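Numbering (full-length UniProt numbering), first residue to last: 1 to 637. Positions of the beta carbon are idealized from the N, C-alpha and C atoms, including for glycine. For clarity, every value in this text was computed on a predicted model and none was experimentally measured.
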Amino acid sequence: MTSYADFYRRSMDEPDDFWTEQAQLIDWQQPFTRVCNHDKPPFVHWFEGGKTNLCHNAVDRHLKDRPDQAALIYVSTETGVEKTYSFAELHREVQCMAASLQALGVQKGDRVLIYMPMVAEAAFAMLACARLGAIHCVVFGGFASGSLASRIDDATPKVIVSADAGSRGGKIVPYKPLLDEAIRLSHHKPEAVLLTDRGLAPMNIVAGRDQLWSDLRVRHIDAQVPCAWLDSTDISYTIYTSGTTGKPKGVQRDTGGYAVALAASMKHIFDGRAGETYFSTSDIGWVVGHSYIIYGPLIAGMATLMYEGLPTQGLDQQPDGGIWWRLVEKYKVTAMFSAPTAVRVLKKQDPALLKKYDLSSLRALFLAGEPLDEPTARWISEGLRVPIIDNYWQTETGWPLLTVANGVEKTPSKFGSPGIPMYGYRVKLLHESTGEELTQPNEKGVVVLEGPTPPGFMQTIWKDDTRFVNTYWKSVPGKMVYSTFDWGIRDENGYYFILGRTDDVINVAGHRLGTREIEESISGHAGVAEVAVVGVADSLKGQVAMAFVVPKDSSVLLDAAAALKLEGEIMKRVDGDLGALARPSRVRFVSVLPKTRSGKMLRRAIQAVCEGRDPGDLTTMDDPAALQQIKELVSAD
Ligand code: ATP
Ligand code: MG
Numbered sequence: 001m002t003s004y005a006d007f008y009r010r011s012m013d014e015p016d017d018f019w020t021e022q023a024q025l026i027d028w029q030q031p032f033t034r035v036c037n038h039d040k041p042p043f044v045h046w047f048e049g050g051k052t053n054l055c056h057n058a059v060d061r062h063l064k065d066r067p068d069q070a071a072l073i074y075v076s077t078e079t080g081v082e083k084t085y086s087f088a089e090l091h092r093e094v095q096c097m098a099a100s101l102q103a104l105g106v107q108k109g110d111r112v113l114i115y116m117p118m119v120a121e122a123a124f125a126m127l128a129c130a131r132l133g134a135i136h137c138v139v140f141g142g143f144a145s146g147s148l149a150s151r152i153d154d155a156t157p158k159v160i161v162s163a164d165a166g167s168r169g170g171k172i173v174p175y176k177p178l179l180d181e182a183i184r185l186s187h188h189k190p191e192a193v194l195l196t197d198r199g200l201a202p203m204n205i206v207a208g209r210d211q212l213w214s215d216l217r218v219r220h221i222d223a224q225v226p227c228a229w230l231d232s233t234d235i236s237y238t239i240y241t242s243g244t245t246g247k248p249k250g251v252q253r254d255t256g257g258y259a260v261a262l263a264a265s266m267k268h269i270f271d272g273r274a275g276e277t278y279f280s281t282s283d284i285g286w287v288v289g290h291s292y293i294i295y296g297p298l299i300a301g302m303a304t305l306m307y308e309g310l311p312t313q314g315l316d317q318q319p320d321g322g323i324w325w326r327l328v329e330k331y332k333v334t335a336m337f338s339a340p341t342a343v344r345v346l347k348k349q350d351p352a353l354l355k356k357y358d359l360s361s362l363r364a365l366f367l368a369g370e371p372l373d374e375p376t377a378r379w380i381s382e383g384l385r386v387p388i389i390d391n392y393w394q395t396e397t398g399w400p401l402l403t404v405a406n407g408v409e410k411t412p413s414k415f416g417s418p419g420i421p422m423y424g425y426r427v428k429l430l431h432e433s434t435g436e437e438l439t440q441p442n443e444k445g446v447v448v449l450e451g452p453t454p455p456g457f458m459q460t461i462w463k464d465d466t467r468f469v470n471t472y473w474k475s476v477p478g479k480m481v482y483s484t485f486d487w488g489i490r491d492e493n494g495y496y497f498i499l500g501r502t503d504d505v506i507n508v509a510g511h512r513l514g515t516r517e518i519e520e521s522i523s524g525h526a527g528v529a530e531v532a533v534v535g536v537a538d539s540l541k542g543q544v545a546m547a548f549v550v551p552k553d554s555s556v557l558l559d560a561a562a563a564l565k566l567e568g569e570i571m572k573r574v575d576g577d578l579g580a581l582a583r584p585s586r587v588r589f590v591s592v593l594p595k596t597r598s599g600k601m602l603r604r605a606i607q608a609v610c611e612g613r614d615p616g617d618l619t620t621m622d623d624p625a626a627l628q629q630i631k632e633l634v635s636a637d
């Protein structure tokens, strides 16, 4: 068995051999002739000359060995639907969907925008696009018309796939009126709209444009649609970033490199094995949903569990804080992927729920998307008694760039650190203003990547190479490196710690502090459920830190004396951990913090409100009331 250090070194020193080996994890219809073309940096072409297909690798390839094994397990606690599709059944549904899209005029290279709740049809549609070589663009379901319209104009889809409605916590969210309004607002008009009717909300059908999946399904149920063999460098999909720091960017991905990257990560990082079950609690609207609900697990020959609903509701729509553990037991989930924000929700539930089910199938819980604070990590790790594996990546990277490669070597995780650089990624820390490389342990800098970026990494920004180069590759003077726009440090053992986004760094009297460092200290206080720290302009010090805290005990919100006491304790704690410079000038208590729909803290918006500025693009925000609460607190001063 190779050590991870050797494995990593090989990916750096002999990249062609290394990736040729990884490429054997998938099927190629035609072998590639060049592993990595990096002639025109920062652009990279992986596996040139090769022909393959994502849908073939995710579905058809498994028909020989495991046709009757579960492929897609669909569970909705919103509608009570629970249904398992074998690989053979999935193959049939995907071909039917592909034939339906073809009937609507979809051909290779056409865009198909998917605006869907978490229903099995959404998975069929993604795989059907991949089958035909059409480019899918999944837009998170439930986005308002304006956000959807701008994405329709950017992607210019021939067909839009949608549904009557989504549902969240038992509340129906009609999609069709939002979609109709978005199409009215957009300049580009799709030729057809393919609709799944879940029977949740009435739909206004536009004659000549709107088609019902139930009608097309009957017509095409026995259709045989072969996979289109695509060039490795052909576009598989585009997806927008979460929009935490600004206008979402249309990330464009290839076919062959992505398939290889996912197959390799399923093996080396997630230690997932064919025949087992993978459960990612994300949404298909995010990159985690693309890589680790749909493509990754299926390429690995695993069953993937697709879940619609809150983490705290049962199939009978009654509250059930143990639903995810119930599913782990029932489907013998071996690897689970979620986000710290979900774990923090579960942390408020009865801890006995973790003991109620047989979770012995589970080998690891992977968490990503935002910093994993130590108290949350410890709580879930003690409850589940499996390794909790933090992993750091971005929509742009497509798969983890910092974590531990559990499938290569059982490298221990460190609380607070997502881990070490993954194979293929040349990770560096640079001084933010001089661009100098930081080589000593515990120096703070910007996390960057040196090219060539590995397979699976974004090819460019859709239709905008210039924006791709200017946004990501030109932020450090004199060096062409990819900036993650995250701020971090590396300890003496090579473990990285993410300190926050570069926009979030606070500069107090010339001292640079990551919001994360202060948040980490505050969240260590037993009375704190959740915290966001932002830097606010200050005429004297340049910036000061301001903390917004959700107290564990909500009575603090109504009791001024208790709030004052807790504020004092929190400030003292930060003084002790980080020094008085880092001490927030105020600690304010709120019942909920503003986040994106994908659970990321909107510090940018909080900061703008604190400084009396316009918070800008908030289309991806989850609960507007959260920001309103902060606005009221701040303006009361
Ligand atoms: P936008 O780029 O539009 O502002 P976004 O950066 O939130 O949105 P994503 O690609 O979904 O969009 O998120 C990636 C970011 O999430 C990372 O750059 C990092 O800031 C944060 N992140 C992801 N995983 C982790 C992790 N394990 N620890 C700390 N931060 C993480
Ligand atoms: Mg980002």
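{"Item": "Environment of Lys-83 [buried if 16+ CB atoms lie within 10 Å]", "Value": "exposed"}
{"Item": "Exposed unless 16 or more other CB atoms sit within 10 angstroms - verdict on Lys-356", "Value": "exposed"}
{"Item": "Length of the line joining the Cα atoms of Gly-250 and Val-139", "Value": "11 Å"}
{"Item": "Complete beta strand (DSSP E) runs within the stretch 224-256 (minimum length 3 residues, chain order)", "Value": "237-240, 250-253"}
{"Item": "One or two residues paired with Phe-548 in a DSSP bridge", "Value": "Ala-532, Arg-588"}
{"Item": "Buried versus exposed call for Ser-218 [16 or more other C-beta atoms within 10 Å across all chains shown]", "Value": "One detail in the question is off: residue 218 reads as Val in this sequence, not Ser. Exposed, because fewer than 16 other Cβ atoms sit within 10 Å of the Cβ of Val-218."}
{"Item": "Classification of His-511 by the beta-carbon crowding that lies within 10 angstroms, buried from 16 upward", "Value": "exposed"}
{"Item": "Three CB pairs or more closer than 8 Å across the stretch 187-204 and the stretch 329-345", "Value": "no"}
{"Item": "At least three beta-carbon pairs within less than 8 Å, the stretch 44-58 to the stretch 178-186", "Value": "no"}
{"Item": "Cβ neighbour criterion (16 or more within 10 Å) applied to Glu-382", "Value": "exposed"}
{"Item": "Own chain residues within Cβ distance below 7 Å of Asp-68, not counting five before or after", "Value": "Ser-86, Ala-88"}
{"Item": "Closest Cα partner of Gln-459 within the set Gln-29, His-38, Phe-337, Trp-28", "Value": "His-38"}
{"Item": "Own chain partners of Lys-247 with C-beta closer than 7 Å, once the 5 adjacent residues on each side are dropped", "Value": "Asp-617"}
{"Item": "Option in Gln-107, Thr-619, Ile-606 with minimal Cα separation from Ser-635", "Value": "Ile-606"}
{"Item": "Cutoff 7 Å; reference Arg-209; Cβ partners in own chain excluding five residues on either side", "Value": "Ala-192, Val-193"}
{"Item": "Other residues of its chain near Thr-20: CB distance less than 7 Å, five sequence neighbours each side excluded", "Value": "Val-35"}
{"Item": "Contact the stretch 225-236 vs the stretch 112-126: 3+ CB pairs below 8 Å", "Value": "no"}
{"Item": "Reduced DSSP category for Gln-349 - H, G, I as helix; E, B as strand; rest coil", "Value": "coil"}
{"Item": "heavy atom of the ligand MG below 7 Å from Phe-468 C-beta", "Value": "no"}
{"Item": "Coil, strand or helix - Gln-459 by DSSP", "Value": "coil"}
{"Item": "Residue range of the alpha helix (DSSP H) that includes Trp-379", "Value": "374-384"}
{"Item": "Exposure label - Glu-14; buried when at least 16 CB within 10 Å", "Value": "exposed"}
{"Item": "Burial state of Leu-540, where buried means 16 or more other Cβ atoms lie within 10 Å", "Value": "exposed"}
{"Item": "Cβ-Cβ distance between His-91 and Gly-301 below 8 Å", "Value": "no"}
{"Item": "Presumed contact (8 Å Cβ cut-off) between Tyr-482 and Val-534, rounded CB distance", "Value": "About 26 Å separates the two Cβ atoms, so there is no contact after all."}
{"Item": "At least three beta-carbon pairs within less than 8 Å, the stretch 153-173 to the stretch 307-317", "Value": "yes"}
{"Item": "Residue span of the alpha helix (DSSP H) that contains Pro-624, given as start and end", "Value": "624-635"}
{"Item": "Glu-48 - partner residues in DSSP beta bridges", "Value": "Arg-34"}
{"Item": "Close-in-space but distant-in-sequence residues of the same chain around Ala-405 (CB under 6 Å, 5 per side omitted)", "Value": "Tyr-4, His-268, Ile-269"}
{"Item": "DSSP beta-bridge partners of Met-601", "Value": "Lys-595"}
{"Item": "Alpha carbon of Leu-327 to alpha carbon of Ala-122, nearest angstrom", "Value": "21 Å"}
{"Item": "Leu-384 versus Leu-178: straight-line alpha-carbon distance, rounded", "Value": "40 Å"}
{"Item": "Distance cut-off 7 Å: Ile-570 Cβ against heavy atoms of the ligand ATP", "Value": "no"}
{"Item": "Bounding residues of the alpha helix (DSSP H) (the contiguous stretch that carries Lys-176)", "Value": "176-185"}
{"Item": "Unbroken stretches of the beta strand (DSSP E), 3 residues or longer, contained in the stretch 383-452", "Value": "388-391, 426-430, 445-450"}
{"Item": "N- and C-terminal bounds of the beta strand (DSSP E) containing Leu-557", "Value": "It is not in any beta strand (DSSP E) - Leu-557 carries neither H nor E in the DSSP assignment."}
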